[in-house]
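Here the structure comes first, spelled out in structure tokens, and everything after it is commentary.
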Amino acid sequence: MKWIFTNLLFLVLQLISAQEQVSYYFDSNKFELKNNEIQKVNEWITSHKDVKIVAINGYTDEDGSIGFNDTLAQKRVDFIYKLVKDKIKIREDFKTRSFGKLHQQSNNKAENRRVTIYYIEAKDLAREDEILGIKKEEVVTKPKPKKQFPEAIVIQNPNGTESTFELNVEFMQQVDAAKPGDKLKLENLNFQLNTFAIVNESRGKLYELLIVMQQNPELSIDIQGHLCCMPTDRTNLSTQRAKAISQFLRMNGIENTRVTYQGFGSSQPIYPLPEKNEEERAANRRVEIEIVKN
Numbered sequence: 096m097k098w099i100f101t102n103l104l105f106l107v108l109q110l111i112s113a114q115e116q117v118s119y120y121f122d123s124n125k126f127e128l129k130n131n132e133i134q135k136v137n138e139w140i141t142s143h144k145d146v147k148i149v150a151i152n153g154y155t156d157e158d159g160s161i162g163f164n165d166t167l168a169q170k171r172v173d174f175i176y177k178l179v180k181d182k183i184k185i186r187e188d189f190k191t192r193s194f195g196k197l198h199q200q201s202n203n204k205a206e207n208r209r210v211t212i213y214y215i216e217a218k219d220l221a222r223e224d225e226i227l228g229i230k231k232e233e234v235v236t237k238p239k240p241k242k243q244f245p246e247a248i249v250i251q252n253p254n255g256t257e258s259t260f261e262l263n264v265e266f267m268q269q270v271d272a273a274k275p276g277d278k279l280k281l282e283n284l285n286f287q288l289n290t291f292a293i294v295n296e297s298r299g300k301l302y303e304l305l306i307v308m309q310q311n312p313e314l315s316i317d318i319q320g321h322l323c324c325m326p327t328d329r330t331n332l333s334t335q336r337a338k339a340i341s342q343f344l345r346m347n348g349i350e351n352t353r354v355t356y357q358g359f360g361s362s363q364p365i366y367p368l369p370e371k372n373e374e375e376r377a378a379n380r381r382v383e384i385e386i387v388k389n
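Residue 96 is where the sequence shown starts when you use the numbering used here, and the numbers rise one by one after that.
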């Protein structure tokens, strides 16, 4: 005895009983439904707009060769699929598969000449993967190993002298490990009064950022300037300060696409304006970096 089963989604047989199902029957050696069966399909579609089809299985009786029945079963599936396509939700991982003599035949040949639609009711869609026995793979993100950053850097000055700057290794590791969306303040980064010129004592902060970006080519940042005290940034000073840091990085080999900048004036204060004391003013007067990519 020979028969063929064609499936648009591989499902474990024990799980099929967990789904709803409906069957439609074909004449012997035919892959097109009669009008009365087509009417039944259309009526089912009308009354089941909110369900989701998870499999369409095609069967044949034992008459004919394996090759003939295999093709016939697939054609029957295709015929039903065209009737329901774009009218009922269907799983994206639909695919055709033949299971040969895996399934038992009914003694009634007419029952074997059918296509069965397996579907999930709207109320059960939240449990779709559970019903189908699909276990989601857990994505384990391994933490990045901590890089070894220098504790100090020696810079040759234009006049031939050298300057040594101590570096904050902990901050550099924080930047290197940060995730997109994280914001980090550049502590102890100071500018000359009412200018975008960075004071010499703060140059080490620039090199901390530069070294991290040199050692981590995946890192992209947005430099964000903030002011204190004044409600409006009339000279666009916050943007100019952010730009100055951006230019330093670019002049030292960091690609333009990895560094952007913007100024917010006093629009995003940590403490409300007017600040109560110098501590609050210093907190509002800051430069932050936001991780764009890492």
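Positions of the beta carbon are idealized from the N, C-alpha and C atoms, including for glycine.
Small disclaimer: the values here were computed from a predicted structure and weren't measured.
I need the straight-line Cα distance from residue i to residue j, nearest angstrom please.
{"i": "Phe-194", "j": "Lys-218", "result": "Because the pLDDT of Phe-194 is 40, which lies under 50, any placement of that residue in the model is unreliable, and the number read from its coordinates should be weighed accordingly. For Phe-194 and Lys-218, the distance between alpha carbons rounds to 31 Å."}
{"i": "Ile-416", "j": "Asn-124", "result": "The requested residue 416 is not part of the displayed model; the chain covers only 96 to 389."}
{"i": "Pro-326", "j": "Glu-223", "result": "54 Å"}
{"i": "Val-117", "j": "Ile-212", "result": "5 Å"}
{"i": "Tyr-366", "j": "Gly-276", "result": "22 Å"}
{"i": "Asp-165", "j": "Ile-316", "result": "58 Å"}
{"i": "Gly-153", "j": "Gln-169", "result": "6 Å"}
{"i": "Ile-215", "j": "Gln-114", "result": "6 Å"}
{"i": "Tyr-119", "j": "Ile-229", "result": "27 Å"}
{"i": "Ser-142", "j": "Glu-232", "result": "35 Å"}
{"i": "Asn-347", "j": "Asp-181", "result": "56 Å"}
{"i": "Asn-311", "j": "Lys-147", "result": "46 Å"}
{"i": "Gln-41", "j": "Ile-340", "result": "For the chain, the structure presents residues 96 to 389; residue 41 sits outside this window and is missing."}
{"i": "Leu-178", "j": "Glu-206", "result": "21 Å"}
{"i": "Lys-274", "j": "Asn-130", "result": "60 Å"}
{"i": "Phe-359", "j": "Tyr-176", "result": "56 Å"}
{"i": "Glu-132", "j": "Glu-187", "result": "26 Å"}
{"i": "Cys-324", "j": "Lys-239", "result": "40 Å"}
{"i": "Gly-255", "j": "Ile-248", "result": "16 Å"}
{"i": "Thr-42", "j": "Ile-293", "result": "Given a span of 96 to 389 for the chain in the structure shown, any question on residue 42 remains unanswerable."}
{"i": "Phe-260", "j": "Gln-269", "result": "19 Å"}
{"i": "Asn-137", "j": "Asp-122", "result": "19 Å"}
{"i": "Leu-167", "j": "Ala-221", "result": "35 Å"}
{"i": "Phe-266", "j": "Thr-330", "result": "31 Å"}
{"i": "Val-210", "j": "Thr-155", "result": "9 Å"}
{"i": "Asn-203", "j": "Thr-236", "result": "55 Å"}
{"i": "Tyr-356", "j": "Gly-320", "result": "8 Å"}
{"i": "Arg-336", "j": "Ile-185", "result": "54 Å"}
{"i": "Asn-389", "j": "Arg-208", "result": "57 Å"}
{"i": "Ile-349", "j": "Val-264", "result": "20 Å"}
{"i": "Ala-271", "j": "Lys-338", "result": "The amino acid at residue 271 is misidentified as Ala; the sequence shows Asp. One C-alpha to the other measures close to 21 Å."}
{"i": "Leu-227", "j": "Gln-134", "result": "29 Å"}
{"i": "Gln-342", "j": "Pro-253", "result": "18 Å"}
Taking DSSP's pairing of strands, which residues face residue i in a bridge?
{"i": "Thr-259", "result": "Val-249"}
{"i": "Arg-358", "result": "It should be noted that the sequence gives Gly, not Arg, for residue 358. According to DSSP, which records beta bridges pairwise, Gly-358 is partnered with Gly-320."}
{"i": "Arg-381", "result": "His-321"}
{"i": "Tyr-214", "result": "Glu-115, Ile-148"}
{"i": "Lys-184", "result": "Lys-147"}
{"i": "Lys-393", "result": "Given a span of 96 to 389 for the chain in the structure shown, any question on residue 393 remains unanswerable."}
{"i": "Arg-209", "result": "Tyr-120"}
Report the CB separation of residue i from residue j in whole angstroms; it is logged as a contact under 8 Å.
{"i": "Ile-386", "j": "Val-354", "result": "Rounded, the Cβ-Cβ distance is 12 Å, inconsistent with contact."}
{"i": "Ser-436", "j": "Leu-322", "result": "There is simply no residue 436 to check, as the chain begins at 96 and stops at 389 in what is shown."}
{"i": "Val-172", "j": "Ile-140", "result": "No, Val-172 and Ile-140 are not in contact; Cβ-Cβ is about 16 Å, not under 8 Å."}
{"i": "Leu-314", "j": "Lys-300", "result": "That belief does not hold up - the Cβ atoms of Leu-314 and Lys-300 are roughly 16 Å apart, past 8 Å."}
{"i": "Phe-174", "j": "Glu-127", "result": "6 Å"}
{"i": "Ser-297", "j": "Asp-328", "result": "Wrong, their Cβ atoms sit about 21 Å apart, outside the cutoff."}
Going along the chain, which unbroken runs of the beta strand (DSSP E) with 3 or more residues stay wholly within the stretch 117-182? Runs found: 147-154.
Decide if the stretch 244-253 is in contact with the stretch 305-320; the criterion is three or more beta carbon pairs, one per stretch, under 8 Å apart. With the cut-off at 8 Å, the stretch 244-253 and the stretch 305-320 touch.
Sufficient close CB pairs (3 or more, under 8 Å) joining the stretch 278-285 to the stretch 371-383: Judged by Cβ distances under 8 Å, the stretch 278-285 makes contact with the stretch 371-383, as three or more pairs qualify.
Can at least three beta-carbon pairs, one atom from the stretch 364-375 and one from the stretch 283-298, be found at a separation below 8 Å? As far as the Cβ criterion goes, the stretch 364-375 does not touch the stretch 283-298, which means the pair count is below three.
Which parts of the stretch 272-321 are runs of the alpha helix (DSSP H), unbroken and 4 residues or longer, counting only runs that do not cross its ends? Uninterrupted alpha helix (DSSP H) stretches at least 4 residues long and entirely within the stretch 272-321 occur at 298-310, given in chain order.
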